[in-house]
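Below: one structure, written as structure tokens.
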Amino acid sequence: MSRLLSDCRHGPWVYSLATAGCQALSTGTGQSGDATTTGSTAATEDQPQDSGGDSVYTDVYDEVADAVVSIEVYDGTGRPASGSGFLLSGQHIVTNEHVVDAGDTVYVRYAGTDWREVTVVGSDVYSDLAVIGTTDVPDSTEPLSWASATPSIGTRVVAIGNPFGLSGSVSEGIVSGVDRTLRGANDFSIAAGIQTDAAVNPGNSGGPLVDLDGDVLGVINSGGGDNVGFAISAELAKRVVPALIADGSYDHPYMGVGLSNVSPLIARANDLDRASGVYINSVVPDGPADGVLEGSTGTATVDGTEVSTGGDVVRRLDDTPTPTRQDLATYLALETSPGDTLAVTVQRDGSRQTVSITLGTRPAPP
Numbered sequence: 630m631s632r633l634l635s636d637c638r639h640g641p642w643v644y645s646l647a648t649a650g651c652q653a654l655s656t657g658t659g660q661s662g663d664a665t666t667t668g669s670t671a672a673t674e675d676q677p678q679d680s681g682g683d684s685v686y687t688d689v690y691d692e693v694a695d696a697v698v699s700i701e702v703y704d705g706t707g708r709p710a711s712g713s714g715f716l717l718s719g720q721h722i723v724t725n726e727h728v729v730d731a732g733d734t735v736y737v738r739y740a741g742t743d744w745r746e747v748t749v750v751g752s753d754v755y756s757d758l759a760v761i762g763t764t765d766v767p768d769s770t771e772p773l774s775w776a777s778a779t780p781s782i783g784t785r786v787v788a789i790g791n792p793f794g795l796s797g798s799v800s801e802g803i804v805s806g807v808d809r810t811l812r813g814a815n816d817f818s819i820a821a822g823i824q825t826d827a828a829v830n831p832g833n834s835g836g837p838l839v840d841l842d843g844d845v846l847g848v849i850n851s852g853g854g855d856n857v858g859f860a861i862s863a864e865l866a867k868r869v870v871p872a873l874i875a876d877g878s879y880d881h882p883y884m885g886v887g888l889s890n891v892s893p894l895i896a897r898a899n900d901l902d903r904a905s906g907v908y909i910n911s912v913v914p915d916g917p918a919d920g921v922l923e924g925s926t927g928t929a930t931v932d933g934t935e936v937s938t939g940g941d942v943v944r945r946l947d948d949t950p951t952p953t954r955q956d957l958a959t960y961l962a963l964e965t966s967p968g969d970t971l972a973v974t975v976q977r978d979g980s981r982q983t984v985s986i987t988l989g990t991r992p993a994p995p
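First residue of the sequence shown: 630, per this note's numbering; consecutive thereafter.
Here's what the structure looks like:
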């Protein structure tokens, strides 16, 4: 039942939008002690400090930590899987879908309190987000809030969670990248992700990545080692979480195509003037793009490599350029909903044209 951070596999893109995050669950130890590890949080001359000489990360921790919970999930084997979460409102805890999906019985614990059984209100495998209902919140615990805007690269951040079952652990770093596409073990992809160099380890999954104001920039969902960690952005979570609370599920927009970035070889094989745009490899039968977009019809050999030919190249969605599949994914994830009709500008047979696609709803995974 254990699924480790290192298990992420990169699979082909079948476009719909959204994904499960890396299946990042720790095997857990069944223990969640009160010890706090500081990772790389010791104050140094180049780190922000308050007027009393303490690191400002201490202030952030003091403001945020009470809202962060330890989570244990049991599947009947007696060995729990563990993760993290955080209180978003008086009755709801946000975490990862892959955390609560590890079993049937879920427990949470706030710092200094006992374990309590809780109920999953809603979950979404494609965004790797889940919401837990809670009614017994300590009086001193204040819920966290989403950040209002996409963070700038270089923004200082704090990751708080329970790596390796060590509750209330904190690590610090910066936002290393934005608009990342996060890939999970189920070959799904999450758009608009945040990359950080803050230490992220098994058990951090579902915890908050916050700025120095204590606002949540993202929900931690995977760590790749070598100072590379990822979080589901607040921008995406602000769309998904309210639906999970209201309905238990979230409907993702769906184009129904297989796609890839236009590489130099694809550009040469298809006589494109530049290696930019999103190439349509295939169209799902009876999907939203069927009869509207065209997938590959053949292949050509370029420098000894077989390359697909004949597919459309998407240049714009509405008024938004799509030089990469990441740009296309982010626009779909953050700006559209099922039922929306998009103006899609494509390059086909050497000329540009605009077609209309009405987005569908992402089908449930097989």
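Heads up, the beta-carbon is just placed ideally off N, CA and C, and yes, glycines get one too.
Problem - Euclidean distance between Cα positions of A759 and T934 - result: If I take the Cα positions, the gap works out to 43 Å.
Problem - 8 Å Cβ cutoff met for A866 and N833 - result: Their beta carbons are not under 8 Å apart, which means A866 does not touch N833 by this criterion.
Practice task
Please name the residue, chosen from A918, S911 and L922, that lies closest to T928 on a Cα-to-Cα basis.
Solution key: Closest option to T928, judged by alpha-carbon separation, among A918, S911 and L922: S911.
Exercise for the section: Locate the beta strand (DSSP E) running through D808, then write down its first and last residues. Expected result: Per DSSP, D808 belongs to the beta strand (DSSP E) from S798 to R812.
Problem - Member of E801, A875 and L717 whose CA lies at the smallest distance from the CA of S684 - result: Comparing Cα-Cα distances from S684 to each of E801, A875 and L717, the minimum goes to E801.
Practice task
Note down, one range per segment and in chain order, each alpha helix (DSSP H) of at least 4 residues found wholly within the stretch 851-909.
Solution key: Under the rule that a run must span 4 or more residues, the alpha helix (DSSP H) segments found entirely inside the stretch 851-909 read 863-876 and 893-898.
Handout entry: Validate contact between the stretch 770-777 and the stretch 838-846 using beta carbons, cut 8 Å, 3 pairs
Key = With contact defined as three or more Cβ pairs closer than 8 Å, the stretch 770-777 and the stretch 838-846 are in contact.
Problem - C-beta contact flag for L922 and V975 at 8 Å - result: The Cβ-Cβ distance between L922 and V975 falls below 8 Å.
Practice task
Select from A872, A828, A863 and A958 the residue whose C-alpha is nearest the C-alpha of G996.
Solution key: The displayed coordinates of the chain run from 630 to 995. Any statement about residue 996 would go beyond what the structure contains.
Handout entry: Coil, strand or helix - Q955 by DSSP
Key = Three-state result, Q955: helix.
Problem - Cβ neighbours of D691 in the same chain (closer than 7 Å, five flanking residues each side left out) - result: The beta carbon of D691 sits closer than 7 Å to none of the beta carbons in its chain outside the five residues before and after it.
Exercise for the section: Confirm, please, whether the CB-CB distance from G906 to P952 is below 8 Å. Expected result: Going by C-beta atoms, P952 is nearer than 8 Å to G906.
Practice task
Go ahead and pull the three-state DSSP assignment for T825.
Solution key: T825 sits in a strand when the DSSP states are folded into three classes.
Practice task
Decide if S985 is buried, meaning its Cβ has at least 16 other Cβ atoms within 10 Å, or exposed.
Solution key: Result: exposed.
Problem - Cβ-based neighbour list, L963, same chain, cut-off 8 Å, excluding 5 preceding and 5 following - result: If we look at L963 and ignore the five residues flanking it on each side, its Cβ neighbours are A820, A821, E864, L865 and R868.
Exercise for the section: Give the straight-line distance between the Cα atoms of S781 and V689, rounded to the nearest whole angstrom. Expected result: One Cα belongs to S781, the other to V689, and the distance between them is close to 19 Å.
Practice task
With a 10 Å radius around its C-beta and 16 neighbouring C-beta atoms as the bar for buried, classify P837 as buried or exposed.
Solution key: Buried: at least 16 other Cβ atoms inside 10 Å.
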